[in-house]
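What the sequence shown shows, in the working numbering, is residues 392 to 691, in sequence order. By construction, the Cβ of each residue, glycine as well, lies at the ideal position given by its N, Cα and C atoms. Since we're looking at a predicted model, the values are computed, not measured.
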Amino acid sequence: MEKGIEVRTVALKAEVSLKERLWVLVPVVLLVGLLLTLGYNHYAEFSWNGFVEGLNQELLVFFLIGVFAQLVDGTLGMGYGATSTSFLLAYGVPPVISSTGVHVAEMFTTGASAISHHRFGNINKKLVKNLLIPGVLGSAIGAYLLSDVIDGEVIKPFIAVYMIVLAIIIIRKALLKNIIKKKTKKLGFLATFGGFMDAVGGGGWGPIVTSTLLGRGRNPRYTIGSVNAAEFAVSFASGITFMLFGGIHGWQVIIGLILGGVISAPLAAYLVNKIKRKPMMIAVGILIILLSLKTLSKLL
C-alpha cells in the first residue's frame, strides 16, 4: 500500500516537473527555431562586411530604445510597444518598419521576459491560458491588415494619436487610489482587442490588458508576470504574420531592439516588485505623449 502511494507521489512530482519545464522549454525551442529560420532565409544579408557597416550610431540608438522599452514593460507590465514605437516614429522610422521591427523584436524580448518572470515566480498560469488564444487571434488579424491592407503612412498620425490615448490611460491608472477588487469578465474579448490594437498600432497589449486587470484590483506582481508571459505568444503571432505578408525590413531596428530587450529582461523581472510604480507610470506616460506630439508636429 505504502509502495503504491510512493509510486503515485513520484509520478505526480515528475508530471509537475515536466509541466514546469515546458514553461521554459516552449519559448526556448520556438526562439531557437525562429533564429535558425531567419538565419537560413536571410543569411545573405548578414555578411561580415554588412555587420561591420551596421555597427553605427543608429544601431546604438535602437539598442538603447530596446533597453529602455523592456525595462518599462518588464517592470510595469505595459509600455514596450508604446515606448519603442513612439521613439522610432519620432526618430523618423516609417510605421510599417517600426511596427514590424517592434513585433519581431518582441518575439525574442517577450520570450526572455516570460522565462525571467517564470524564474522569479511571477506567473498565474490560469490567467495566461485565458489570455493566450484570444490575444493571438487579435494580434494575427491586426498584423495582416497592417501588412497587406492598410497604408502605413496614411495611418501614421492616427497611430501617434493612439499612443497619446495609451499614455493617458497609463497616467490615469497610476493616479487611481482606492482600487476595489472586482471579478474580471470577458477576458477573451479584452485579450482579442488588446492583441489587435497592439499589432496595428505597434503597442497596446500592456496598457489595455494589464491596466484593465490592475484596475480591477488584481495582484500587480502576478498580473504583470502573466500578461508578459502571454505577450510572448501574441508577439509571436503578429511577428510571423508580418513576415509572411509584409516581409522583414529594417534589420538594424530589429537587431538593436532585440539585443537591448533581451539584455534588460531579467533585470526588469527582478525589479517588478521593487520599484515605485506610480511615479514611473506617470513619467512613462508623459514621455510617450511628448514623443507622439513630436511625431504629429513633423507630419503637420
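Enclosing alpha helix (DSSP H) for residue i [first to last residue]
i	result
Phe511	No alpha helix (DSSP H) holds Phe511; DSSP gives it neither H nor E.
Pro525	Lys516 to Asp539
Leu567	Here Leu567 belongs to no alpha helix (DSSP H), and DSSP marks it neither H nor E.
Gly465	Gln448 to Leu467
Pro657	Trp642 to Leu662
Gly592	Leu578 to Gly592
Alpha-carbon spacing of residue i relative to residue j, whole angstroms
i	j	result
Val401	Ser507	Interpretation of Val401 is limited by its pLDDT of 48, a score under 50 that renders its predicted location unreliable; no figure is taken from the coordinates.
Met469	Val417	23 Å
Gly597	Gly585	8 Å
Ala550	Gly592	Looking at the sequence shown, residue 550 is not Ala but Ile. Cα to Cα, the separation comes out at about 6 Å.
Leu557	Leu422	29 Å
Ala565	Leu451	31 Å
Lys665	Tyr613	14 Å
Ser475	Asn513	24 Å
Val545	Arg510	42 Å
Ala460	Leu537	22 Å
Ala607	Ile562	Note on identity: in this sequence residue 607 is Arg, with Ala being the wrong assignment. Roughly 16 Å between the two C-alpha positions.
Gly492	Val458	15 Å
Leu403	Lys516	Its pLDDT being 49, under 50, Leu403 is placed unreliably in this model, and the value from its coordinates should be taken loosely. One C-alpha to the other measures close to 18 Å.
Ser489	Leu479	6 Å
Leu578	Gly533	18 Å
Leu426	Pro525	26 Å
Phe453	Gly641	11 Å
Met634	Lys520	25 Å
Leu604	Tyr471	17 Å
Asn610	Lys667	15 Å
Leu567	Phe636	41 Å
Lys669	Ser477	21 Å
Met672	Asp464	10 Å
Ile615	Val415	17 Å
Nearest-angstrom Cβ-Cβ length linking residue i and residue j, presumed shorter than 8 Å
i	j	result
Ile639	Val495	7 Å
Leu687	Ser617	Their Cβ separation, rounded to whole angstroms, is 34 Å, which puts Leu687 and Ser617 out of contact at 8 Å.
Ile456	Gly676	Contact doesn't hold; Cβ gap of about 17 Å is too wide.
Thr466	Val644	Actually they do not touch by this definition, with Cβ atoms about 23 Å apart.
Leu462	Ala659	5 Å
Ser504	Ser629	Wrong, their Cβ atoms sit about 16 Å apart, outside the cutoff.
Tyr535	Thr632	5 Å
Met554	Ser683	4 Å
Ala656	Thr500	6 Å
Leu528	Thr583	6 Å
Ile560	Ser602	6 Å
Ile679	Ala473	5 Å
Val600	Leu581	6 Å
Per-residue DSSP class, three states only, for residue i
i	result
Arg609	coil
Met554	helix
Ala402	Low confidence applies to Ala402: its pLDDT is 48, below 50, so where it sits in the model is not reliable enough to give any reading.
Lys669	helix
Val417	helix
Pro485	coil
Ile559	helix
Leu639	A small correction: the amino acid at residue 639 is Ile; Leu does not occupy that position in the sequence shown. Residue state, collapsed to three classes: coil.
Gly470	coil
Gly595	coil
Residue i beta carbon near the ligand FAD (any heavy atom closer than 7 Å)
i	result
Lys669	In the structure on display, the ligand FAD does not appear, and there are no ligands present to speak of.
Min CB distance residue i to chain C below 8 Å
i	result
Gly483	Looking for chain C here will not work: only one protein chain is present.
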